[in-house]
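Below is one structure, written out as structure tokens; comments come after it.
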Amino acid sequence: MRIIFLAELILSVLAAHAQGVSGTVLGRTNDGKEESIIGAVVLWEGTRSGTVTDASGNYRIGVPPGAKQLIFQSINFVSDTIAYNGQTTIDVTLREATIDMGAVNIEGERSATFINSRDPQLFQVMSEKELCKAACCNLSESFETNASVDAAYADAITGTRQIRMLGLEGKYTQMLFDNIPAVRGLSSTYGLTYVPGPWVKNIYVTKGVGSITSGYESMAGQINVALKNPDTAERFHLNAYAGNGGRMELNLVVGPNSEKEGEIEVVEEEHVHEPGEEHDHEHGEEHEHDEEHEHEHNHIKGSLLAHGAMSQLRTDMNGDGFLDNPLFSNISLRNEWHIDGHNGLGAQVALNYQNINTVSGQLDYNPTDEVRSQLWGVNTQTRRYEASTKVGYVFPGKPWKSFGSQVNALYHDQDGEYGFQTYNGQQRSGRVNLLFASRILNEANTFTTGFTYVFDDYRDTLTSNFPIIDNNPPFAFNRQERVPGVFFEYTLKVEDKFTLVAGLREDLHNIYGPLFTPRLHARYSINDHTTVKAVGGVGYRTPVLVMDNVGMLASNRFIKIDGDPTPTDKYLGLDIEKSSNAGLIFTWKGDVLYRPASLSIDGFITTFERQVVIDYETPGYVNIYNLQGKSFSNSAQVELQWSPVRRFDVRMAYRWLEARTQYLDGLRDRPLVNRHRAFTNLAYETRKKANGSQWRFDATVQWISRKRIPFLINNHNEHFDEPLSTWSDDYWQVMAQVTYVFKTNLELYVGGENLTNFMVHDAIIMAEDPSNQLFDGSMLWGPVFGRMGYVGLRWML
Amino acid sequence: MKKAFILLLTLTISVSAFSQKTDNKPITATFWVAGVCGMCEKSIEAALDTKGILQADFQLSNNQLTVTYKPSKITETQIHTLLNEAGYDTEKSTCTDEQYARVHGCCKYRELEKH
Numbered sequence: 001m002r003i004i005f006l007a008e009l010i011l012s013v014l015a016a017h018a019q020g021v022s023g024t025v026l027g028r029t030n031d032g033k034e035e036s037i038i039g040a041v042v043l044w045e046g047t048r049s050g051t052v053t054d055a056s057g058n059y060r061i062g063v064p065p066g067a068k069q070l071i072f073q074s075i076n077f078v079s080d081t082i083a084y085n086g087q088t089t090i091d092v093t094l095r096e097a098t099i100d101m102g103a104v105n106i107e108g109e110r111s112a113t114f115i116n117s118r119d120p121q122l123f124q125v126m127s128e129k130e131l132c133k134a135a136c137c138n139l140s141e142s143f144e145t146n147a148s149v150d151a152a153y154a155d156a157i158t159g160t161r162q163i164r165m166l167g168l169e170g171k172y173t174q175m176l177f178d179n180i181p182a183v184r185g186l187s188s189t190y191g192l193t194y195v196p197g198p199w200v201k202n203i204y205v206t207k208g209v210g211s212i213t214s215g216y217e218s219m220a221g222q223i224n225v226a227l228k229n230p231d232t233a234e235r236f237h238l239n240a241y242a243g244n245g246g247r248m249e250l251n252l253v254v255g256p257n258s259e260k261e262g263e264i265e266v267v268e269e270e271h272v273h274e275p276g277e278e279h280d281h282e283h284g285e286e287h288e289h290d291e292e293h294e295h296e297h298n299h300i301k302g303s304l305l306a307h308g309a310m311s312q313l314r315t316d317m318n319g320d321g322f323l324d325n326p327l328f329s330n331i332s333l334r335n336e337w338h339i340d341g342h343n344g345l346g347a348q349v350a351l352n353y354q355n356i357n358t359v360s361g362q363l364d365y366n367p368t369d370e371v372r373s374q375l376w377g378v379n380t381q382t383r384r385y386e387a388s389t390k391v392g393y394v395f396p397g398k399p400w401k402s403f404g405s406q407v408n409a410l411y412h413d414q415d416g417e418y419g420f421q422t423y424n425g426q427q428r429s430g431r432v433n434l435l436f437a438s439r440i441l442n443e444a445n446t447f448t449t450g451f452t453y454v455f456d457d458y459r460d461t462l463t464s465n466f467p468i469i470d471n472n473p474p475f476a477f478n479r480q481e482r483v484p485g486v487f488f489e490y491t492l493k494v495e496d497k498f499t500l501v502a503g504l505r506e507d508l509h510n511i512y513g514p515l516f517t518p519r520l521h522a523r524y525s526i527n528d529h530t531t532v533k534a535v536g537g538v539g540y541r542t543p544v545l546v547m548d549n550v551g552m553l554a555s556n557r558f559i560k561i562d563g564d565p566t567p568t569d570k571y572l573g574l575d576i577e578k579s580s581n582a583g584l585i586f587t588w589k590g591d592v593l594y595r596p597a598s599l600s601i602d603g604f605i606t607t608f609e610r611q612v613v614i615d616y617e618t619p620g621y622v623n624i625y626n627l628q629g630k631s632f633s634n635s636a637q638v639e640l641q642w643s644p645v646r647r648f649d650v651r652m653a654y655r656w657l658e659a660r661t662q663y664l665d666g667l668r669d670r671p672l673v674n675r676h677r678a679f680t681n682l683a684y685e686t687r688k689k690a691n692g693s694q695w696r697f698d699a700t701v702q703w704i705s706r707k708r709i710p711f712l713i714n715n716h717n718e719h720f721d722e723p724l725s726t727w728s729d730d731y732w733q734v735m736a737q738v739t740y741v742f743k744t745n746l747e748l749y750v751g752g753e754n755l756t757n758f759m760v761h762d763a764i765i766m767a768e769d770p771s772n773q774l775f776d777g778s779m780l781w782g783p784v785f786g787r788m789g790y791v792g793l794r795w796m797l
Numbered sequence: 798m799k800k801a802f803i804l805l806l807t808l809t810i811s812v813s814a815f816s817q818k819t820d821n822k823p824i825t826a827t828f829w830v831a832g833v834c835g836m837c838e839k840s841i842e843a844a845l846d847t848k849g850i851l852q853a854d855f856q857l858s859n860n861q862l863t864v865t866y867k868p869s870k871i872t873e874t875q876i877h878t879l880l881n882e883a884g885y886d887t888e889k890s891t892c893t894d895e896q897y898a899r900v901h902g903c904c905k906y907r908e909l910e911k912h
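Going down the list, the sequences are from chains A and S.
For the first sequence, our numbering gives the first residue as 1, with consecutive numbering after it.
For the second sequence, our numbering gives the first residue as 798, with consecutive numbering after it.
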């Protein structure tokens, strides 16, 4: 009130020597009522002079020279801009925002990665800032500074990384792109490498089972990647990168045209209120302040993300005669549209295209050369087309009641030569997810319910052309899955103290019959600083044999599938995988020596009831069979974060795990899984100068414990521990980066990875004789490429 | 394992060592500062990013600034001056029109409501 009075005073002075404009600002709510808006902001566009409406919605404003347009804004209403041609009265009626305008939120001093203590399902949020810390060409590499997600090596030949959560392969973690399940089926291992780091806005990590509204698949965890979209994309962002491994990359983000500087900056967060996106309510707070905003009546916004990368330099740093990193050329495009319609309706459409070609293997292997194509090599071509739409509707005047739909379709086509084997695979997938959210009695009880239909058609074949013995029959892994399902998720929220999310879903799988999925998430705040969360539930997954375990193709191992004597409709006699997962997370947030700090401790247990075991224990073979006995993974993690002085962050984490499976010859540690991992990340920024220039420093030291290597014929390693298997060495990894920011819109960075220059030299068994059955590059436990330097730039407009 | 533990321990100690060399006890003060938006919050906290101030946290909801500082390095009056310099009024001192002109268009707290 005081401010309004003050404002009026100033304006009456202004009005005295300039002609004025006055009028009334009304608001029309979604249920048709009109009322005057108190405290609406009225501002001349391009200037800093403005006023607010009084208790009756009236305003009076002076006219500065050159004034052309008057902007009207109010929280919960859509802004309006009116041209000024000398009128003395301008009345406007603002439409109630059909979209949920969240509170004003600012990043402030928040760290690049932080533990979430408010959402019962979510564990951690990694922001764009975190992703900039690594050379981070793609998502699978961005987890180097995350203790919950391990970045492992797929094999010694194709040079790809894959993630692991709770000691379980990436395939057991459900990946979502903007809340839509992605990286499924044939892309389960490589899928993350298809997502360039600069496309990513935030990554939401859920440990243990996730929400049932996105399906029954998250077994070890759920990672939701928020890609830049028309609401969050910069107007123009160019990123170029070059590393000494010969890798070059160009990324481009183009968002809707924004306003010019000097105009009023509104920091409401626009967001389509969709039941399938309940996470976002909490996530709104991470969005940056300077997000661009549209004031015009233009309610269709588009964004384009483009990525091109190539590497044509043949390198062999570890001297085994094989390429360290594959030669590749990738193109990825994503085009997304947001339509904010009237009356609570909003829609989003996204189109994706990817084209990926890789060559790896012996140093001189060349698939197009008649002689050199005889060498052992891998040559793959992948093309993916994907379209997804989301439609959300919020009932007028009832922001808690909404309807949403997610529909997506995918075609994935992959051809590859892997030494003496040929692989061809096609996946056609479609998914429809309808969600309805509302409340029961009051706002403390809410629910989301809906229907899902998933269609997956896999046609993939693996043919062996092994020159000496041919006991690998050509395998055809054709399978069609049609899975309708229903779900109901109930949320109880008792103030800010306690939240409970209980979900049930029932799916009817055409091959594996009914699948029942119960899940529970609970969060309790003991006090302002301390929160405890509990997670428990069941998850399922159908195996996609070849691509799930594509590392096995980087060898001459014979594949022996030994399913149950079949009911013929079952996929090669192999089971659907089923696991139960439970966990407890303790979080403390507070001040240590007057500076913000957080501590999180968690423990998780995952037990497989049914699993398809991929057994590398016999040299020269991969045995695949249904689990007979136990398979489990237990893990514990401590993570400490502290900012001892301004602009300096320290993060330390340690995680322990025990992942064991019953193989043909006994219960053993899962191969190539390290029991311990610890890292420290230090980040420092200098104070921003008046012109926006700034230095940023970042360094990570990481220790990875030894890993079990299954019995290999020519093991030179002497530390025999268990019969017939050996242990790798433990190793240290150091990476560092320096960034210089020129005037906020241009950043240059220089960095190095694997600065300890640690390499695995005998990563490929029988590298000297690739035609031997024992030739094997599938057992990689560390990097094959030594010290790596890179430079890059980010340019934003 | 052991090696990693020692490393973590050393880092913890070294990090806490250099932030602990306080020979006088820091003071925490809370007072009213003008501000209407998130940009204000950012600017206010940035204005206090200076020697002697350990922590500054501005709550937009109630306009309360909580600041922890070392009295040997900076006084509370100087903190108010810093805020005025950045264009923000505090409960003890009001900034000049020239200083007020420095705040961003959306931060014109004398004209605008909280948004």
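Glycine included, C-beta positions come from ideal geometry on N, C-alpha and C.
Under the assumption that residue i contacts residue j (Cβ atoms under 8 Å), give the Cβ distance between them as a whole number of angstroms.
i, j, result
"G215/A", "P181/A", "6 Å"
"G485/A", "E506/A", "6 Å"
"H509/A", "V483/A", "5 Å"
"K497/A", "S525/A", "5 Å"
"Q174/A", "Q124/A", "The Cβ separation is near 16 Å, so there is no contact."
"T213/A", "T448/A", "6 Å"
What's the call for residue i, buried or exposed, on a 16-neighbour Cβ count within 10 Å?
i, result
"H237/A", "buried"
"K845/A", "Any question about residue 845/A goes unanswered here, given that chain A covers just 1 to 797."
"Q856/S", "exposed"
"A83/A", "exposed"
"I440/A", "exposed"
"G377/A", "buried"
"A55/A", "exposed"
"E895/S", "exposed"
"G513/A", "exposed"
"R431/A", "buried"
"H307/A", "buried"
Over the uninterrupted beta strand (DSSP E) stretch that includes residue i, give me the two end residues.
i, result
"E249/A", "R247 to V254"
"G377/A", "G377 to V394"
"Q896/S", "Segment D894 to Y897 is the alpha helix (DSSP H) holding Q896/S; no beta strand (DSSP E) there."
"L462/A", "N442 to S464"
"K876/S", "According to the sequence shown, residue 876/S is Ile rather than Lys. Premise fails: I876/S lies in the alpha helix (DSSP H), E873 to E882, not in any beta strand (DSSP E)."
"K301/A", "I300 to S311"
Does the CB of residue i have a neighbour CB from chain S at under 8 Å?
i, result
"Y625/A", "no"
"R696/A", "no"
"T51/A", "yes"
"G20/A", "no"
"G39/A", "yes"
"E292/A", "Note on E292/A: pLDDT 38, under 50, position unreliable in the model; the coordinate value appears next. Answer no: the Cβ-Cβ gap between E292/A and chain S never drops below 8 Å."
"H287/A", "Confidence in H287/A is poor, its pLDDT being 38 and thus under 50, which makes the residue's placement too unreliable to answer from."
"R655/A", "no"
"R646/A", "yes"
"R687/A", "yes"
Taking residue i as part of the alpha helix (DSSP H), name the residues at either end of that continuous run.
i, result
"G835/S", "G835 to A844"
"L131/A", "E128 to L131"
Beta-carbon of residue i versus every beta-carbon of chain A: anything under 8 Å?
i, result
"D846/S", "yes"
"K905/S", "yes"
"Q856/S", "no"
"L880/S", "no"
Q: For the region 536–585 of chain A, list the beta strand (DSSP E) runs that are entirely contained and at least 3 residues long, ordered along the chain.
A: Counting only runs of 3+ residues, the beta strand (DSSP E) found wholly inside the region 536–585 of chain A occupies 558–562, in chain order.
Q.
Beta carbons nearer than 7 Å to chain B: which residues of the region 573–603 of chain A have them?
A. Any reference to chain B falls outside this structure, whose protein chains are A and S.
Q: Give, in chain order, every unbroken run of the alpha helix (DSSP H) that is at least 4 residues long and sits entirely within the region 764–793 of chain A.
A: none
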